[in-house]
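**Student:** Per this note's numbering, the sequence shown starts with residue 1, numbered consecutively.
Glycine included, every Cβ here is placed at the ideal spot set by N, Cα and C.
To start, I am sharing the structure in question, which I have written as structure tokens.
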Amino acid sequence: MKKLLIVYHTQGSRTTELAQAALDGARGVEETETTLKRAFDTTADDLLAADAILFGTPENFGYMSGALKDLFDRTFYACENKVNGKPYAVFVCAGNDGSGAVFNIDRICTGLKLKKACEPVVARKVNTPEQVEAARELGATLAAGIAFGIF
Ligand SMILES: Cc1cc2nc3c(=O)[nH]c(=O)nc-3n(C[C@H](O)[C@H](O)[C@H](O)COP(=O)(O)O)c2cc1C
1 MKKLLIVYHT QGSRTTELAQ AALDGARGVE ETETTLKRAF DTTADDLLAA
51 DAILFGTPEN FGYMSGALKD LFDRTFYACE NKVNGKPYAV FVCAGNDGSG
101 AVFNIDRICT GLKLKKACEP VVARKVNTPE QVEAARELGA TLAAGIAFGI
151 F
């Protein structure tokens, strides 16, 4: 069975809402086993074991959260050249922007040679029902994509 890892950080509730929606969407795909983990609890072994990774974070100071950066810092060498071509996608909650978080996650994922599978979901100011639905679809798309060999 294929494995999808959703890894995220939050200090509030908005990123959790998108993470839960992505989990709901992904769990609708029975052929894929989906796990939801907090960034601080995630290890290199978790990233290596996953067939696809969905990263979620608030935007902090024009960047990803420190917790998600910490995950990349802790795991980069253990994952380098061992995750080449693995699909990933991103969701971000922001006050009014979000582009800095997306840009810098993509930059690190490019360094890891991960493959961007879907466009990011970025929720600004508030999480609208449309954005929550987009996160659900993102989870479902990644889960189905690895289950049926689309990515
Ligand atoms: C320390 C800090 C820095 C932030 N920096 C930004 C920022 O650079 N750009 C932005 O659009 N929002 C920024 N925000 C707003 C958060 O991204 C936004 O409130 C987000 O919804 C928080 O998600 P959460 O509820 O999952 O914690 C910042 C918030 C905090 C606490």
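Less than 6 Å separating the Cβ of Q20 from some heavy atom of ligand 1?
**Tutor:** The residue you call residue 20 lines up with position 20 of the sequence shown. False, no ligand heavy atom lies under 6 Å from that Cβ.
**Student:** Tell me where the alpha helix (DSSP H) around T141 begins and ends.
**Tutor:** Residue numbering aside, residue 141 sits at position 141 when the sequence shown is read from its first letter. Start and end: P129 to A147.
**Student:** Closer than 6 Å: is that where the CB of N60 sits relative to any heavy atom of ligand 3?
**Tutor:** With respect to ligand 3, the structure offers nothing, as its ligand set consists of ligand 1.
**Student:** Starting from P120, follow its DSSP beta bridges and name the residues at the other end.
**Tutor:** To locate residue 120, count along the sequence shown from 1; it is residue 120. Answer by DSSP bridge pairing: none, since P120 is not bridged.
**Student:** Going along the chain, which residues of its own chain have a beta-carbon closer than 8 Å to the beta-carbon of K115, five neighbours each way excluded?
**Tutor:** For the purposes of this step, residue 115 is taken as residue 115 along the sequence shown, with counting starting at 1. So the qualifying residues of the chain are G85, K86, P87, Y88 and F151.
**Student:** Please tell me whether, using a cut-off of 6 Å, the distance from the CB of Q11 to the nearest non-hydrogen atom of ligand 1 is below it.
**Tutor:** What you label residue 11 is simply residue 11 of the sequence shown in a count that begins at 1. Yes, ligand 1 has a heavy atom inside 6 Å of this Cβ.
**Student:** Measuring straight from C-alpha to C-alpha, what distance separates L238 and I6?
**Tutor:** What the structure shows of the chain is the stretch from 1 to 151, and residue 238 is not part of that stretch, so it cannot be assessed.
**Student:** For I53, which of helix, strand or coil comes out of DSSP?
**Tutor:** Taking the sequence shown and counting its residues from 1, one reaches residue 53 at position 53. Strand at I53.
**Student:** Do you know how far the Cα of Q11 is from the Cα of A61?
**Tutor:** Your numbering for residue 61 matches position 61 in the sequence shown. Your numbering for residue 11 matches position 11 in the sequence shown. Note that residue 61 is Phe in the sequence shown, not Ala. Taking the straight line from one Cα to the other gives about 14 Å.
**Student:** What are the uninterrupted segments assigned as alpha helix (DSSP H) that are 4 or more residues long and contained completely in the stretch 48-95, given in chain order?
**Tutor:** Runs of the alpha helix (DSSP H) inside the stretch 48-95: 66-79.
**Student:** Following a CB-centred definition, is T15 positioned closer than 6 Å to any heavy atom of ligand 1?
**Tutor:** Along the sequence shown, one-based indexing puts residue 15 at 15. Yes, the beta carbon of T15 sits closer than 6 Å to at least one heavy atom of ligand 1.
**Student:** Nearest to V90 by alpha carbon, out of A117, P129 and M1?
**Tutor:** Within the sequence shown, the letter at position 90 stands for residue 90. Answer by Cα proximity: A117.
**Student:** Between which two residues does the alpha helix (DSSP H) carrying T34 extend?
**Tutor:** Position 34 of the sequence shown, counted from the first residue, corresponds to residue 34. Run containing T34: none in the alpha helix (DSSP H); it sits in the beta strand (DSSP E), T32 to R38.
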